[in-house]
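The next block holds one structure in the form of C-alpha coordinates; read it before the comments.
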(Lines of atoms letter the chains of each structure in order from A and count residues from 1; the text may use other names and numbers.)
(Lines give C-alpha, C1' and ligand atoms only; values in the text may rest on other atoms or scores of the structure.)
Protein backbone atom coordinates (compact mmCIF):
# COMPACT_ATOMS: atom_id res chain seq x y z
CA UNK A 1 0.00 0.00 0.00
CA UNK A 2 1.26 3.37 -0.89
CA UNK A 3 0.71 6.33 1.32
CA UNK A 4 -0.90 9.35 -0.22
CA UNK A 5 0.40 12.77 0.46
CA UNK A 6 -2.39 14.57 2.28
CA UNK A 7 -1.60 18.17 3.01
CA UNK A 8 -1.78 19.02 6.69
CA UNK A 9 -5.19 20.28 7.68
CA UNK A 10 -5.33 23.91 8.57
CA UNK A 11 -6.31 24.88 12.05
CA UNK A 12 -10.09 25.36 12.16
CA UNK A 13 -9.99 27.65 15.16
CA UNK A 14 -10.88 31.24 14.34
CA UNK A 15 -8.21 33.88 14.68
CA UNK A 16 -8.34 36.54 17.39
CA UNK A 17 -9.80 39.02 14.92
CA UNK A 18 -12.49 36.57 13.83
CA UNK A 19 -13.35 35.94 17.49
CA UNK A 20 -13.70 39.69 18.02
CA UNK A 21 -16.04 39.93 15.02
CA UNK A 22 -18.16 37.10 16.42
CA UNK A 23 -18.22 38.82 19.83
CA UNK A 24 -19.21 42.19 18.33
CA UNK A 25 -22.01 40.54 16.31
CA UNK A 26 -23.33 38.65 19.36
CA UNK A 27 -23.32 41.78 21.50
CA UNK A 28 -25.19 43.67 18.77
CA UNK A 29 -27.92 41.01 18.59
CA UNK A 30 -28.15 40.84 22.39
CA UNK A 31 -28.80 44.58 22.32
CA UNK A 32 -31.55 44.03 19.75
CA UNK A 33 -33.21 41.46 22.01
CA UNK A 34 -33.72 44.02 24.74
CA UNK A 35 -30.43 44.92 26.35
CA UNK A 36 -29.48 48.16 24.56
CA UNK A 37 -26.86 49.03 27.18
CA UNK A 38 -24.79 46.24 25.61
CA UNK A 39 -24.53 48.38 22.48
CA UNK A 40 -22.74 51.02 24.54
CA UNK A 41 -20.42 48.35 25.97
CA UNK A 42 -19.74 47.09 22.42
CA UNK A 43 -18.82 50.56 21.21
CA UNK A 44 -16.61 51.27 24.21
CA UNK A 45 -14.81 47.92 23.94
CA UNK A 46 -14.03 48.12 20.21
CA UNK A 47 -13.86 51.92 19.80
CA UNK A 48 -10.10 52.14 19.35
CA UNK A 49 -10.02 49.38 16.73
CA UNK A 50 -12.87 50.88 14.71
CA UNK A 51 -12.78 54.65 15.31
CA UNK A 52 -9.15 55.12 16.33
CA UNK A 53 -7.80 56.76 19.48
CA UNK A 54 -9.92 59.47 21.10
CA UNK A 55 -8.89 62.54 23.04
CA UNK A 56 -9.65 62.11 26.72
CA UNK A 57 -10.08 58.36 26.50
CA UNK A 58 -6.69 57.29 25.15
CA UNK A 59 -4.49 60.36 25.48
CA UNK A 60 -4.53 63.91 26.79
CA UNK A 61 -4.96 66.86 24.41
CA UNK A 62 -1.68 67.71 22.73
CA UNK A 63 -0.18 64.26 23.40
CA UNK A 64 -1.44 62.43 20.28
CA UNK A 65 2.00 62.04 18.69
CA UNK A 66 3.45 60.55 21.86
CA UNK A 67 0.53 58.12 22.11
CA UNK A 68 0.85 57.02 18.46
CA UNK A 69 4.61 56.63 18.86
CA UNK A 70 4.10 54.34 21.86
CA UNK A 71 1.63 52.24 19.85
CA UNK A 72 4.06 51.99 16.92
CA UNK A 73 6.75 50.70 19.26
CA UNK A 74 4.38 48.01 20.54
CA UNK A 75 3.10 47.16 17.05
CA UNK A 76 -0.50 47.99 17.91
CA UNK A 77 -1.11 51.03 15.75
CA UNK A 78 -3.71 49.31 13.54
CA UNK A 79 -5.59 48.07 16.60
CA UNK A 80 -4.72 44.44 15.95
CA UNK A 81 -7.12 43.96 13.04
CA UNK A 82 -5.30 42.02 10.34
CA UNK A 83 -7.08 42.55 7.02
CA UNK A 84 -9.24 45.26 5.52
CA UNK A 85 -12.16 42.86 5.12
CA UNK A 86 -12.01 41.90 8.81
CA UNK A 87 -11.69 45.56 9.82
CA UNK A 88 -14.78 46.43 7.76
CA UNK A 89 -16.72 43.50 9.22
CA UNK A 90 -15.86 44.51 12.79
CA UNK A 91 -16.63 48.13 11.98
CA UNK A 92 -20.03 47.17 10.56
CA UNK A 93 -21.20 45.61 13.84
CA UNK A 94 -19.72 48.34 16.01
CA UNK A 95 -21.28 51.10 13.89
CA UNK A 96 -24.65 49.36 14.08
CA UNK A 97 -24.26 49.23 17.86
CA UNK A 98 -23.34 52.92 17.85
CA UNK A 99 -26.47 53.90 15.95
CA UNK A 100 -28.65 51.64 18.07
CA UNK A 101 -27.25 53.16 21.26
CA UNK A 102 -27.70 56.71 19.95
CA UNK A 103 -31.35 56.03 19.04
CA UNK A 104 -32.19 54.32 22.34
CA UNK A 105 -30.45 56.96 24.49
CA UNK A 106 -32.16 59.74 22.49
CA UNK A 107 -35.59 58.16 22.97
CA UNK A 108 -34.92 57.65 26.68
CA UNK A 109 -33.81 61.27 27.18
CA UNK A 110 -36.81 62.51 25.17
CA UNK A 111 -39.16 60.45 27.35
CA UNK A 112 -37.58 61.80 30.56
CA UNK A 113 -37.74 65.41 29.35
CA UNK A 114 -41.35 65.01 28.17
CA UNK A 115 -42.45 63.49 31.44
CA UNK A 116 -40.63 66.04 33.59
CA UNK A 117 -41.97 69.02 31.66
CA UNK A 118 -45.55 67.74 31.45
CA UNK A 119 -46.04 65.66 34.58
CA UNK A 120 -49.08 67.67 35.66
CA UNK A 121 -50.90 66.87 32.41
CA UNK A 122 -50.41 63.12 32.87
CA UNK A 123 -52.72 63.06 35.87
CA UNK A 124 -52.19 61.94 39.43
CA UNK A 125 -52.40 58.18 38.86
CA UNK A 126 -50.24 57.88 35.78
CA UNK A 127 -46.97 56.18 36.77
CA UNK A 128 -46.69 58.23 39.93
CA UNK A 129 -48.26 57.26 43.23
CA UNK A 130 -49.63 59.98 45.46
CA UNK A 131 -49.57 60.03 49.26
CA UNK A 132 -53.18 58.81 49.62
CA UNK A 133 -52.21 55.42 48.14
CA UNK A 134 -49.36 54.92 50.58
CA UNK A 135 -51.39 52.90 53.10
CA UNK A 136 -52.91 50.54 50.52
CA UNK A 137 -49.55 49.44 49.16
CA UNK A 138 -47.78 48.89 52.47
CA UNK A 139 -44.76 50.92 51.52
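Residue numbers (the working numbering): 17 to 155.
The beta carbon of each residue, even a glycine, is placed where N, CA and C say it ideally should be.
- Taking the Cα positions, residue 116 is about 8 angstroms away from residue 47.
- Setting aside the 5 residues that flank it on each side, residue 110 is surrounded in the same chain by 40, 58, 59, 62, 66, each with a C-beta closer than 7 angstroms to its C-beta; the list follows chain order.
- The DSSP assignment places no complete run of the beta strand (DSSP E) inside the segment 91 to 139 (cut-off: 3 residues).
- Here residue 43 has 54, 58 as same chain residues with Cβ atoms under 6 angstroms from its own Cβ, once five neighbours each way along the sequence are excluded.
- Cβ-Cβ separation between residue 106 and residue 37: approximately 5 angstroms, consistent with a contact (criterion under 8 angstroms).
- With distances taken between CA atoms, residue 31 lies nearest to 99 out of 77, 99, 120.
- Residues of the same chain with a CB within less than 8 angstroms of the CB of residue 75, apart from the 5 flanking positions on each side, are 69, 82, 83 in chain order.
- Beta-bridge analysis with DSSP links residue 71 to 75.
- Counting of Cβ neighbours within 10 angstroms places residue 113 among the buried residues, the total reaching 16 or more.
- Counted as a single uninterrupted DSSP element, the alpha helix (DSSP H) harbouring residue 39 occupies residues 32 to 49.
- The shortest CA-to-CA distance from residue 64 to any of 45, 49, 103 is the one to 103.
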